Amino acid sequence: PHCHSSDTAFVEASGRGEIYSYSVTRQAKPPYVIAYVTLEEGVTMLTNIVDCDLEGLSIGQKVKVKFLDAGEGMALPVFAPA
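Laid out in structure tokens, this is it:
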């Protein structure tokens, strides 16, 4: 991601990872979790954590991908505790 190359490709991922860092945002209802998740393949992505106990989250916690319907045939990857 730092070489500025346009030579990119889609690679299938396992959908499993762990929380690298997170923040619980309480400005909107219901509160939601923004997190960096590092996938097993080594890529870190900014995403949301869903279907979780806000007080039970921890850095290093294992998570798995879920897809939220974004309409018009699109789906957004989010993560839930594994």
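Anchor point for the sequence shown: position 82 equals 63 in our numbering, and the numbering is continuous, going up by one each time. Where is the CB? At the ideal position from N, CA and C, for every residue including glycine. Just so you know, these numbers come straight off a predicted model, no measurement behind them.
For G(-4), the CB contacts under 7 Å within the same chain, skipping 5 residues up- and downstream, are K45, V46 in chain order. Sorting Q42, L27, L38, K43 by C-alpha distance to the C-alpha of P58 places L27 at the top. The C-beta separation of V14 from C33 comes to about 7 Å, placing the pair in contact by the 8 Å criterion.
When the Cα atoms are used, G41 and I0 turn out to be separated by approximately 5 Å. Less than 8 Å divides the Cβ of A63 from the Cβ of K43.
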